[in-house]
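Beneath this line is the structure, given in structure tokens, with notes to follow.
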Amino acid sequence: MTLKLTKEQKIELIEHLRDLKQAHVKYLQSVASKAALRTESKVHKRLKKVSMMVRSVPIQEVLNCEWLHTPTMAEIRKFARNL
Numbered sequence: 001m002t003l004k005l006t007k008e009q010k011i012e013l014i015e016h017l018r019d020l021k022q023a024h025v026k027y028l029q030s031v032a033s034k035a036a037l038r039t040e041s042k043v044h045k046r047l048k049k050v051s052m053m054v055r056s057v058p059i060q061e062v063l064n065c066e067w068l069h070t071p072t073m074a075e076i077r078k079f080a081r082n083l
């Protein structure tokens with residue numbers, strides 16, 4: 001048993017589905033935007049933290065130390081603690 005829709009009902013249904021689709025697109029755009037802002041904020045906080053830590057390490061001491069490779073952040077932290 002199929003439901004017969006009038007032409008007006010079909011038009012209303014199509015318009016309603018289009019509105020739902022547009023609302024869903026807006027929702028997804030806002031979610032993506034918020035996620036991007038959160039990620040940017042996290043990266044900024046991490047960068048600020050690393051920047052403050054690096055500023056606290058005497059650069060001349062790091063340069064004078066003989067490194068076999070480019071020091072990692074963990075090695076610089078350890079070196080700074082031992083000063």
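To convert, note that position 36 of the sequence shown is 36 in the UniProt record's numbering; the numbers rise steadily by one, no gaps.
Glycine is no exception: its CB is placed at the ideal position from the N, C-alpha and C atoms.
- Nearest-angstrom beta carbon gap, Leu13 and residue 87 [assumed within contact, 8 Å]: Beyond the ends of the chain as shown, which are 1 and 83, falls residue 87; an answer cannot be given.
- Anyone know if the C-beta pair for Val43 and Met73 falls short of 8 Å? Counted from its first residue, the sequence shown places residue 43 at position 43. Counted from its first residue, the sequence shown places residue 73 at position 73. Going by C-beta atoms, Val43 is not nearer than 8 Å to Met73.
- Task: Could you spell out where the alpha helix (DSSP H) holding Lys78 opens and where it closes?
- Result: As a working mapping, residue 78 is identified with position 78 in the sequence shown. Note, Lys78: alpha helix (DSSP H), Met73 to Asn82.
- Task: Kindly indicate which three-state DSSP category Lys4 falls into: helix, strand or coil?
- Result: Sequence index remark: in the sequence shown, residue 4 carries index 4 (1-based). Lys4: coil per DSSP, three-state reduction.
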